[in-house]
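Heads up: the sequence lines are chains A and B, in that order. At position 316 of the first sequence the residue is numbered 367 (our numbering), and the sequence of numbers has no breaks. At position 103 of the second sequence the residue is numbered 281 (our numbering), and the sequence of numbers has no breaks. Please read the structure below before turning to the comments.
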Amino acid sequence: MANITLKDIAHSYTGASSNPDDYALKKLNLTWRDGGAYALLGPSGCGKTTLLNIISGLLTPTKGQVFFNDADVTRLPTEQRNIAQIFQFPVIYDTMTVFQNLAFPLKNRGRSKSEIEPRVIELAKMLGLEKDLYTKAQHLTADAKQKISLGRGLIRQSVNAILFDEPLTVIDPQLKWELRSQLKYLHKQFGFTMIYVTHDQTEALTFADEVIVMYEGEIVQVGTPEALFERPEHTFVGYFIGSPGMNIIPCSLQGNRVLIEGHRIILDRHYKDQAPSAKIEVGIRPEYLSLAQPHEEGLPVKILKVDDIGRHKIARVALNGHQFHVVMPELSGMTGDKASLVFDTAHTNIYVNDHLIAGEQP
Amino acid sequence: MIAKQINQKAWFMVLPVFLLVAFSAIIPLMTVVNYSFQDTFGSNQFFWVGMDWFRDLIHSERFHDAFLRQLAFSGIILAIEIPLGIIIALAMPRKGWGVPVCLISMALPLLIPWNVVGTIWQIFGRVDIGLLGHTLASLGFDYNYTQDPVAAWITIIIMDIWHWTSLVVLLSYAGLCSIPDAYYQAAKIDGASRIAVFRYIQLPKMQRVLLIAILLRFMDSFMIYTEPFVITGGGPGNSTTFMSIDLVKMAIGQFDLGPAAAMSLIYFLVILLLSYVFYTVMSNIGEESSKGGT
Numbered sequence: 052m053a054n055i056t057l058k059d060i061a062h063s064y065t066g067a068s069s070n071p072d073d074y075a076l077k078k079l080n081l082t083w084r085d086g087g088a089y090a091l092l093g094p095s096g097c098g099k100t101t102l103l104n105i106i107s108g109l110l111t112p113t114k115g116q117v118f119f120n121d122a123d124v125t126r127l128p129t130e131q132r133n134i135a136q137i138f139q140f141p142v143i144y145d146t147m148t149v150f151q152n153l154a155f156p157l158k159n160r161g162r163s164k165s166e167i168e169p170r171v172i173e174l175a176k177m178l179g180l181e182k183d184l185y186t187k188a189q190h191l192t193a194d195a196k197q198k199i200s201l202g203r204g205l206i207r208q209s210v211n212a213i214l215f216d217e218p219l220t221v222i223d224p225q226l227k228w229e230l231r232s233q234l235k236y237l238h239k240q241f242g243f244t245m246i247y248v249t250h251d252q253t254e255a256l257t258f259a260d261e262v263i264v265m266y267e268g269e270i271v272q273v274g275t276p277e278a279l280f281e282r283p284e285h286t287f288v289g290y291f292i293g294s295p296g297m298n299i300i301p302c303s304l305q306g307n308r309v310l311i312e313g314h315r316i317i318l319d320r321h322y323k324d325q326a327p328s329a330k331i332e333v334g335i336r337p338e339y340l341s342l343a344q345p346h347e348e349g350l351p352v353k354i355l356k357v358d359d360i361g362r363h364k365i366a367r368v369a370l371n372g373h374q375f376h377v378v379m380p381e382l383s384g385m386t387g388d389k390a391s392l393v394f395d396t397a398h399t400n401i402y403v404n405d406h407l408i409a410g411e412q413p
Numbered sequence: 179m180i181a182k183q184i185n186q187k188a189w190f191m192v193l194p195v196f197l198l199v200a201f202s203a204i205i206p207l208m209t210v211v212n213y214s215f216q217d218t219f220g221s222n223q224f225f226w227v228g229m230d231w232f233r234d235l236i237h238s239e240r241f242h243d244a245f246l247r248q249l250a251f252s253g254i255i256l257a258i259e260i261p262l263g264i265i266i267a268l269a270m271p272r273k274g275w276g277v278p279v280c281l282i283s284m285a286l287p288l289l290i291p292w293n294v295v296g297t298i299w300q301i302f303g304r305v306d307i308g309l310l311g312h313t314l315a316s317l318g319f320d321y322n323y324t325q326d327p328v329a330a331w332i333t334i335i336i337m338d339i340w341h342w343t344s345l346v347v348l349l350s351y352a353g354l355c356s357i358p359d360a361y362y363q364a365a366k367i368d369g370a371s372r373i374a375v376f377r378y379i380q381l382p383k384m385q386r387v388l389l390i391a392i393l394l395r396f397m398d399s400f401m402i403y404t405e406p407f408v409i410t411g412g413g414p415g416n417s418t419t420f421m422s423i424d425l426v427k428m429a430i431g432q433f434d435l436g437p438a439a440a441m442s443l444i445y446f447l448v449i450l451l452l453s454y455v456f457y458t459v460m461s462n463i464g465e466e467s468s469k470g471g472t
């Protein structure tokens with residue numbers, strides 16, 4: 052059990068290089084608190100797995116250091132780090148039974164039989180593997196094999212952290228949900244530090260207390276699921292989190308006034324003047340937009356399309372060349388394709404060169 | 179009706195294959211079967227002798243000796259080449275410039291014709307001019323494969339190891355390369371030792387290619403002819419007269435067609451039987467406790 056600190060970590064698969072494009076991970080600093088449930092979220096190829104492998108010691112970073120509490124473990128081999136890691140695809144030992152598979156990590160560390168047996172049986176019950184305990188692992192389904200992989204990760208009770216590398220990819224949706232809540236329960240019960248890599252935002256947001264969003268080898272935001280939703284610090288986070296993602300529209304800014312295509316919106320906060328070359332955008336969640344009758348106040352937009360997805364409707368509207376998504380419970384009383392687009396100004400964010408800027412209360 | 183016509187045409191389609199197999203395998207084999215039940219004194223006159231040749235052969239000491247020599251030879255070279263091949267494959271690099279270098283140098287012995295290999299070692303081992311034989315002799319070793327049966331056996335075994343271990347290496351290496359990285363990573367996480375990685379990951383994943391390696395090496399070594407014929411000609415005495423050498427002596431040297439035919443049939447059945455046993459045993463390894471024993 053330890054706090055894990057990454058200090059100036061950077062990694063390039065082709066060795067040290069002066070070209071920043073060679074780096075799969077670009078200089079990051081982060082501390083994982085002992086006992087935290089973290090999700091590492093980002094699109095494929097953004098360096099999530101690289102980061103995990105650096106923590107577990109399967110990779111030695113090109114630059115920077117890894118600390119467990121105060122001890123520098125950057126050069127320590129995986130076996131001595133006391134880390135559990137579960138991979139995307141099931142890894143099982145073909146010639147062993149399910150019992151032997153689950154007992155393997157304990158057996159390798161010289162634990163006694165009397166200690167191993169009750170632990171294996173308890174864990175097998177938790178994962179629903181108890182009736183297959185004495186079957187050869189290679190005869191089981193992919194689902195069951197992945198459960199064995201999970202089991203081998205969870206069997207040791209004193210690990211520094213458990214790392215999950217998209218472990219539920221091969222599991223069918225019903226079971227996926229069940230296993231995820233089981234992991235959450237295990238986290239509450241035993242207080243392991245858990246780091247869960249995924250590119251699925253629902254998975255990340257339901258699993259974690261804190262979500263780390265990565266994009267092209269960099270951490271773009273660390274925060275609670277709520278913070279990621281309300282105040283994305285980077286336009287990428289805005290796009291990536293939420294379905295559909297945040298509307299991000301070019302605009303110009305003067306104090307508390309935003310101009311979109313010549314139409315004015317008055318915001319709650321004042322903003323400093325920006326350099327004339329800066330890229331200024333306004334970002335607003337589809338959930339905080341609404342449509343009113345054409346004669347009411349708002350931006351005059353044209354409704355292009357309305358999708359009914361059950362609980363709510365998603366409208367796509369256009370203002371000249373710019374398109375917005377609007378999430379509404381009901382589109383009542385609308386006739387024709389004209390409407391007024393109304394902003395919830397308390398939840399409107401301003402981005403300068405893709406980064407969120409803070410305004411001042413008047 | 180239509181279906182039946184198509185069926186009849188299909189017979190014509192397989193006819194070429196049938197003819198080919200008939201001429202290349204079935205008819206020669208049946209000729210041998212035919213010879214094995216008859217005796218001849220030349221001038222194409224044959225007399226029916228029933229099972230006599232088989233009975234004689236099974237009780238003949240000459241056949242027993244050749245058979246035991248053959249079993250011992252195959253046993254020894256399998257016991258050496260399979261583990262040695264696995265060890266070399268494990269030591270070979272997985273990436274970088276070393277891979278093509280290793281693969282090509284491993285493949286070289288396999289490209290040399292059998293009788294050339296025999297000749298190379300025949301000269302290599304000669305006491306008067308051979309590098310190996312002369313060096314050993316001048317170092318004071320009593321090495322002479324033309325007179326000492328032990329030296330003859332050692333020479334032939336080392337030659338076979340030199341010639342064929344590469345095959346085991348290449349097959350094992352292919353098996354090793356097909357293991358995904360995640361297995362090695364998981365083993366590190368699980369704290370597995372080097373031996374455990376071999377025992378629980380590499381060996382099970384190599385099982386199929388090893389089965390092929392063992393079958394190929396067994397069949398080839400059990401039928402070995404050219405190299406010992408070139409090096410020792412079956413001597414000194416009869417000490418390196420393996421079954422195929424004995425068979426050729428009987429059939430062409432003594433022109434005993436009947437006994438030779440009987441012997442080749444037994445030889446054929448033994449190889450078939452042992453290959454079947456190897457295959458069955460190895461395919462069943464790791465399957466026995468699959469159905470939930472406790």
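Beta carbons: idealized from backbone N, C-alpha and C, even for Gly. Keep in mind that this is a model prediction, so the values were computed, not measured.
Open item on the list: For chain A, check one thing: does any of its Cβ atoms lie closer than 9 Å to the Cβ of Gly353(B)?
Closed with: To locate residue 353(B), count along the second sequence from 1; it is residue 175. Not an interface residue.
Open item on the list: Quick check on Gly293(A): does DSSP put it in helix, strand or coil?
Closed with: If you number the first sequence from 1, residue 293(A) lands on position 242. Here Gly293(A) sits in coil by DSSP.
- [ ] Quick one: using the 10 Å Cβ neighbour count with 16 as the cut-off for buried, is Met229(B) buried or exposed?
- [x] Working through the second sequence from its first residue, we reach residue 229(B) at position 51. Met229(B) is exposed by the Cβ-count criterion.
Task: Nearest-angstrom Cα separation, counted from Ser238(B) out to Ser453(B) - done: Locating residue 453(B) in the second sequence gives position 275, counting from the first residue. Locating residue 238(B) in the second sequence gives position 60, counting from the first residue. When rounded, the distance between both Cα atoms is 25 Å.
- [ ] Keeping to the same chain, check which residues put their C-beta closer than 8 Å to that of Ala315(B); ignore five residues upstream and five downstream.
- [x] Mapped onto the second sequence, residue 315(B) falls at position 137. Cβ within range, chain order: Val305, Tyr321, Asn322.
Open item on the list: When you compare the CB of Ala135(A) with every CB in chain B, is at least one pair closer than 9 Å?
Closed with: What you label residue 135(A) is simply residue 84 of the first sequence in a count that begins at 1. With 9 Å as the cut-off, Ala135(A) counts as an interface residue toward chain B.
- [ ] Answer yes or no: does any C-beta atom of chain A fall closer than 9 Å to that of Pro437(B)?
- [x] Mapped onto the second sequence, residue 437(B) falls at position 259. Answer no: the Cβ-Cβ gap between Pro437(B) and chain A never drops below 9 Å.
Task: Three CB pairs or more closer than 8 Å across the stretch 207 to 216 of chain B and the stretch 435 to 443 of chain B - done: yes
TODO: Kindly list, in the order they appear in chain B, the residues whose Cβ is closer than 8 Å to that of Met147(A).
DONE: For the purposes of this step, residue 147(A) is taken as residue 96 along the first sequence, with counting starting at 1. Within 8 Å Cβ-Cβ: Tyr378.
Open item on the list: Taking the straight line between their C-alpha atoms, what separation do you get for Arg315(A) and Ser200(A)?
Closed with: If you number the first sequence from 1, residue 315(A) lands on position 264. If you number the first sequence from 1, residue 200(A) lands on position 149. In a straight line, the C-alpha of Arg315(A) is about 56 Å away from that of Ser200(A).
Open item on the list: If we define contact as Cβ-Cβ less than 9 Å, is Val142(A) a contact residue for chain B?
Closed with: The sequence position of residue 142(A) within the first sequence is 91, counting from 1. So, interface residue.
Open item on the list: At the level of alpha carbons, what is the spacing between Leu214(A) and Ala188(A)?
Closed with: The residue you call residue 214(A) lines up with position 163 of the first sequence. The residue you call residue 188(A) lines up with position 137 of the first sequence. So the alpha carbons of these two residues sit roughly 23 Å apart.
Task: CB-CB length for Pro156(A) against Asp368(B), believed under 8 Å - done: Within the first sequence, the letter at position 105 stands for residue 156(A). Within the second sequence, the letter at position 190 stands for residue 368(B). Yes, they are in contact, since the Cβ atoms of Pro156(A) and Asp368(B) sit about 4 Å apart, within 8 Å.
Open item on the list: Relative to the C-alpha of Gly179(A), which candidate in Arg203(A), Lys198(A), Leu350(A), Thr386(A) has its C-alpha closest?
Closed with: Numbered from 1 along the first sequence, position 128 holds the residue referred to as residue 179(A). Considering only alpha carbons, the answer is Lys198(A).
TODO: Give the straight-line distance between the Cα atoms of His398(A) and Arg336(A), rounded to the nearest whole angstrom.
DONE: Taking the first residue of the first sequence as 1, we reach residue 398(A) at position 347. Taking the first residue of the first sequence as 1, we reach residue 336(A) at position 285. So the two alpha carbons sit approximately 8 Å from each other.
Task: Cβ shell of Trp226(B) (< 7 Å), same chain only, five flanking positions each side left out - done: Taking the first residue of the second sequence as position 1, residue 226(B) is located at position 48. These residues qualify, in order along the chain: Phe215, Gln216.
Task: 8 Å Cβ shell around Gly470(B) - same chain, five flanking residues per side excluded - done: Residue 470(B) sits at position 292 when you count from the first residue of the second sequence. Below a pLDDT of 50, predicted positions are generally treated as unreliable, and Gly470(B), at 38, falls in that range; the measurement from the model is reported next regardless. Cβ neighbours of Gly470(B) beyond the five flanking positions: none.
- [ ] Please go through the stretch 132 to 213 of chain A and give each complete beta strand (DSSP E) segment of 3 or more residues, from N-terminal end onward.
- [x] 134 to 137
Task: Buried or exposed (CB count within 10 angstroms, at least 16 for buried), Glu259(B) - done: On the second sequence, position 81 is the one that residue 259(B) refers to. Buried, because 16 or more other Cβ atoms sit within 10 Å of the Cβ of Glu259(B).
Task: Environment of Tyr46(A) [buried if 16+ CB atoms lie within 10 Å] - done: With chain A running from 52 to 413 in the structure shown, residue 46(A) is simply not present.
- [ ] Starting from Ser399(B), trace the alpha helix (DSSP H) both ways and give me its first and last residue.
- [x] Along the second sequence, read from residue 1 onward, the residue named residue 399(B) stands at position 221. Counting along the chain, the alpha helix (DSSP H) containing Ser399(B) begins and ends at 381 to 400.
Open item on the list: Quick check: what's the CA-CA separation for Leu310(B) versus Ile282(B)?
Closed with: Residue mapping note: residue 310(B) aligns to position 132 of the second sequence, counting from 1. Residue mapping note: residue 282(B) aligns to position 104 of the second sequence, counting from 1. Distance between the alpha carbons of Leu310(B) and Ile282(B) is about 25 Å.
Task: 9 Å Cβ cut-off: residues of chain B touching Pro156(A) - done: For the purposes of this step, residue 156(A) is taken as residue 105 along the first sequence, with counting starting at 1. Within 9 Å Cβ-Cβ: Ile367, Asp368, Gly369, Ala370.
Task: Straight-line Cα distance separating Leu388(B) from Leu348(B) - done: Here residue 348(B) refers to the residue found at position 170 of the second sequence. Here residue 388(B) refers to the residue found at position 210 of the second sequence. Each residue's Cα considered, the two are about 11 Å apart.
Open item on the list: Would you call the stretch 320 to 328 of chain A in contact with the stretch 359 to 376 of chain A, where contact means no fewer than 3 C-beta pairs closer than 8 Å?
Closed with: no
Task: Given 8 Å, three or more beta-carbon pairs between the stretch 287 to 294 of chain B and the stretch 326 to 344 of chain B - done: yes
- [ ] Taking all protein chains shown into account, decide if Gly293(A) is buried (16 or more other Cβ within 10 angstroms of its Cβ) or exposed.
- [x] Mapped onto the first sequence, residue 293(A) falls at position 242. Answer is buried; the Cβ neighbour count reaches 16.
Task: beta strand (DSSP E) segment containing Trp226(B), residue limits - done: Numbered from 1 along the second sequence, position 48 holds the residue referred to as residue 226(B). Run containing Trp226(B): 224 to 226, per the beta strand (DSSP E) assignment.
Task: Three-state secondary structure (DSSP) of Leu407(A) - done: Numbered from 1 along the first sequence, position 356 holds the residue referred to as residue 407(A). DSSP places Leu407(A) in strand when its eight states are reduced to three.
Open item on the list: Could you compute how far the alpha carbon of Ala438(B) sits from the alpha carbon of Ile423(B)?
Closed with: Taking the first residue of the second sequence as 1, we reach residue 438(B) at position 260. Taking the first residue of the second sequence as 1, we reach residue 423(B) at position 245. Answer to the nearest angstrom: the Cα atoms are 11 Å apart.
- [ ] Kindly list the residues whose CB is nearer than 8 Å to the CB of Asp194(A), restricted to its own chain and excluding five residues on each side of it in sequence; keep chain order.
- [x] Residue mapping note: residue 194(A) aligns to position 143 of the first sequence, counting from 1. If we look at Asp194(A) and ignore the five residues flanking it on each side, its Cβ neighbours are Val221, Ile222, Asp223, Leu226.
Open item on the list: Any contact between the stretch 139 to 147 of chain A and the stretch 159 to 166 of chain A? By contact I mean 3 or more CB pairs, one from each, below 8 Å.
Closed with: no
Task: Gln325(A) (DSSP reduced to helix, strand or coil) - done: Here the question's residue 325(A) lines up with position 274 in the first sequence. Correct three-state label for Gln325(A): coil.
Open item on the list: Within 9 Å of any Cβ in chain A, is that where the Cβ of Pro271(B) sits?
Closed with: The residue labelled residue 271(B) in the question sits at position 93 within the second sequence. Judged by the 9 Å Cβ criterion, Pro271(B) is not in contact with chain A.
TODO: Scan the stretch 84 to 111 of chain A for residues whose Cβ lies nearer than 9 Å to a Cβ of chain B and list them as they occur along the chain.
DONE: Asn104, Ser107, Gly108, Leu109
Task: Three CB pairs or more closer than 8 Å across the stretch 278 to 285 of chain A and the stretch 391 to 406 of chain A - done: yes
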